[in-house]
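J.: The numbering used here puts the last residue of the sequence shown at 1351; the count rises by one with no breaks.
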Amino acid sequence: MSGANVAFIHASPAAIAPLVNYYAKQEPGWTISNLLDDGIMRLFRQGDEGAVEAGLLSLIERAATRYGAEAALVTCSATTLDMMRRLELAAPVPLVKIDLPMARAAVGAARNIGVLVTFPPTVEPTRNLLSEVARQMGREVRIAAELRPDALDALLKGDSAAHDRILDEAASALRDGGAEVIVLAQVSMAHLRTGLEQRLGIPVFSSLETSHRALRDALAR
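1) Taking the continuous alpha helix (DSSP H) assigned at Lys1227, which residues delimit it?
2) Going straight from the alpha carbon of Glu1313 to that of Gly1198, what length do you get?
3) Please specify which runs of the beta strand (DSSP E), each continuous and at least 3 residues long, are wholly inside the stretch 1309 to 1341, giving them in chain order.
4) Kindly identify the DSSP beta-bridge partner or partners of Phe1138.
5) Go to Gly1244, then tell me how far its beta strand (DSSP E) extends in each direction, as first and last residue.
6) What residues are listed by DSSP as bridge partners for Glu1183?
7) Pull up the distance between the alpha-carbon of Leu1286 and that of Arg1269, whole angstroms please.
8) Any contact of the stretch 1145 to 1164 with the stretch 1302 to 1310, i.e. 3+ C-beta pairs under 8 Å?
9) Do you know offhand how far Glu1262's Cα is from Ala1292's?
10) Would you mind reading off the limits of the alpha helix (DSSP H) that contains Ala1233?
11) Would DSSP call Arg1351 helix, strand or coil?
12) Let me know the alpha helix (DSSP H) ranges lying completely inside the stretch 1254 to 1301, each 4 residues or longer, listed in chain order.
13) Could you give the DSSP three-state label for Asp1212: helix, strand or coil?
14) How far does the alpha helix (DSSP H) with Pro1148 in it reach, from first residue to last?
15) Just verifying my parser: in three-state terms, what is the DSSP assignment at Gly1198?
16) What's the C-alpha gap between Leu1149 and Ser1341?
17) What number of angstroms, rounded off, separates the C-alpha of Asn1164 from the C-alpha of His1140?
Printed below as a string of structure tokens:
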């Protein structure tokens, strides 16, 4: 597996750097292709799921046929479980939805789950994902979300300090509202995980680390 060939399928440019930096350290022998179509973000905002699905599948197929990818990580958390199931049936390689392992970890850790979200179309898919995972695991959960699109706007404009400050305040609000764990809905927030855990005193889950094992498992199929 040290020479694995994988693809990261992106709808947001903000997801690329955290994944590239993490995997350069964790899997230096892997060949990784990053395929980005940020027009998909507009399609998500417009609610055009058919076009979103077609766009993602096109990237996955290109990764497999042109770049030789053996598995693909879909990094957009706004992708619903139903869409992922259809993509898995159509895709030529195994797929991993980046936030599914994180959801399982969070549901297994606590009942009261806080979610930090910066991309509005991600709110309902993340709530539904956590609820579905809880149902599968036979657990009851309460989900509270803090949506801060101004944080993503700041990040995409290059103001990472404002992004981090906004989310730090939102995470405090979740903890003060009773959240026992916090889920970082976008991988672009992953760098905040350790600092938030230390400051808030509760577990914080990022899809960066939790999806790593799932991707290795997909490569072994």
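Quick reminder that beta carbons are idealized off the backbone N, C-alpha and C, glycines included. The model shown is predicted, which means the values in this text are computed figures rather than measured ones.
T.: By the coordinates alone:
1) Segment 1225 to 1227 is the beta strand (DSSP E) holding Lys1227; no alpha helix (DSSP H) there.
2) Checking the displayed sequence, the identity of residue 1313 turns out to be Val instead of Glu. Rounded to the nearest angstrom, the two C-alpha atoms are 33 Å apart.
3) Whole beta strand (DSSP E) segments, 3+ residues: 1311 to 1314, 1334 to 1336.
4) Asn1164, Leu1203
5) 1242 to 1247
6) DSSP lists no partner for Glu1183.
7) 37 Å
8) no
9) 33 Å
10) 1230 to 1239
11) coil
12) As far as the stretch 1254 to 1301 is concerned, its whole alpha helix (DSSP H) runs of at least 4 residues are 1279 to 1286.
13) helix
14) Element bounds for Pro1148: 1146 to 1156.
15) coil
16) 11 Å
17) 7 Å
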